[in-house]
Amino acid sequence: MNRYVLLVLPVAALAACVKPLDVPMSDIPKLGSLSEVMRANETVAGRQWKQIGEDSYTDEEFAAFKDTGQRMEALAERGKSFSRGPIFDKHNDTMIAQAKALTAAADAKDAKAASGALASMKQLCKDCHAATR
Numbered sequence: 843m844n845r846y847v848l849l850v851l852p853v854a855a856l857a858a859c860v861k862p863l864d865v866p867m868s869d870i871p872k873l874g875s876l877s878e879v880m881r882a883n884e885t886v887a888g889r890q891w892k893q894i895g896e897d898s899y900t901d902e903e904f905a906a907f908k909d910t911g912q913r914m915e916a917l918a919e920r921g922k923s924f925s926r927g928p929i930f931d932k933h934n935d936t937m938i939a940q941a942k943a944l945t946a947a948a949d950a951k952d953a954k955a956a957s958g959a960l961a962s963m964k965q966l967c968k969d970c971h972a973a974t975r
């Protein structure tokens, strides 16, 4: 029994460290660290990655894309407060543009543009992490 506890507790503690952070728009300006911004980015955008490459979306999915675009734009703006230098800032500016593109695609109910914006956002996250971590 003690071995079980010794194995489970560290795993549970680690899971708590990477707990999703689903922040409403009104609370994004209150995020106090880059770590919180990044956790919120992954929570907000990460749930949409599985939608990349689809040929069509429902009205509910387009509504979720619009929310994602708006929150990712706000999160990128908030991320500027915790700059890691010019490359990081450039990636933030690019994320803002891509988030706006996702919002516009959702408003137009343009599946191809929405999928493209999501794919670009996902790749940007990978590129930024590779360049700034």
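Letter by letter, the sequence shown follows residues 843 to 975 of our numbering.
Virtual Cβ for every residue (Gly too), placed ideally from N, Cα, C.
Please report how far the alpha carbon of L874 lies from the alpha carbon of A887, in whole angstroms.
It is worth fixing the name first, because residue 874 is Gly in this sequence and not Leu. Straight-line Cα distance between these residues: approximately 19 Å.
Specify the secondary structure class of D897 as computed by DSSP and reduced to three states.
D897: coil per DSSP, three-state reduction.
Specify, as a first and last residue, the run of the alpha helix (DSSP H) that R881 falls within.
Segment 876-888, the alpha helix (DSSP H) holding R881.
Among the candidates M914, D897, N934, H971, whose CA atom is the shortest distance from the CA of S957?
That would be D897, whose Cα lies nearest to the Cα of S957.
Counting only the same chain and skipping the five closest in sequence on each side, list residues whose C-beta sits under 8 Å from that of K964.
Cβ neighbours of K964 within its own chain (closer than 8 Å, five residues either side excluded): A887, W891, I894.
Using three-state DSSP, classify R913 as helix, strand or coil.
In the structure shown, R913 adopts helical secondary structure according to DSSP, grouped into three states.
Are there three or more Cβ pairs, one per stretch, closer than 8 Å when the region 923-935 is compared with the region 946-961?
The region 923-935 makes no contact with the region 946-961; the number of CB pairs closer than 8 Å stays below 3.
Give the straight-line distance between the Cα atoms of A918 and C967, rounded to the nearest whole angstrom.
Straight across, the Cα-Cα distance linking A918 with C967 is about 11 Å.
Rounded to the nearest angstrom, what separates A857 and L960 at their Cα positions?
Note that A857 has pLDDT 46, beneath the 50 cutoff, so the model's placement of it is unreliable and no number is given.
Below 8 Å between beta carbons: does that hold for A973 and I929?
Closer than 8 Å, so yes.
Which same chain residues end up closer than 6 Å to F904 when comparing Cβ atoms and leaving out the 5 residues on each side of it in sequence?
Closer than 6 Å at the Cβ level, and outside the excluded window around F904, lie A948, K951.
Judging by CA-CA distance, which residue of A955, P866, D969, C970 is the nearest neighbour of Y899?
Of A955, P866, D969, C970, the residue nearest in Cα terms is A955.
Cα-Cα separation, E902 to R889:
Each residue's alpha carbon lies about 14 Å from the other.
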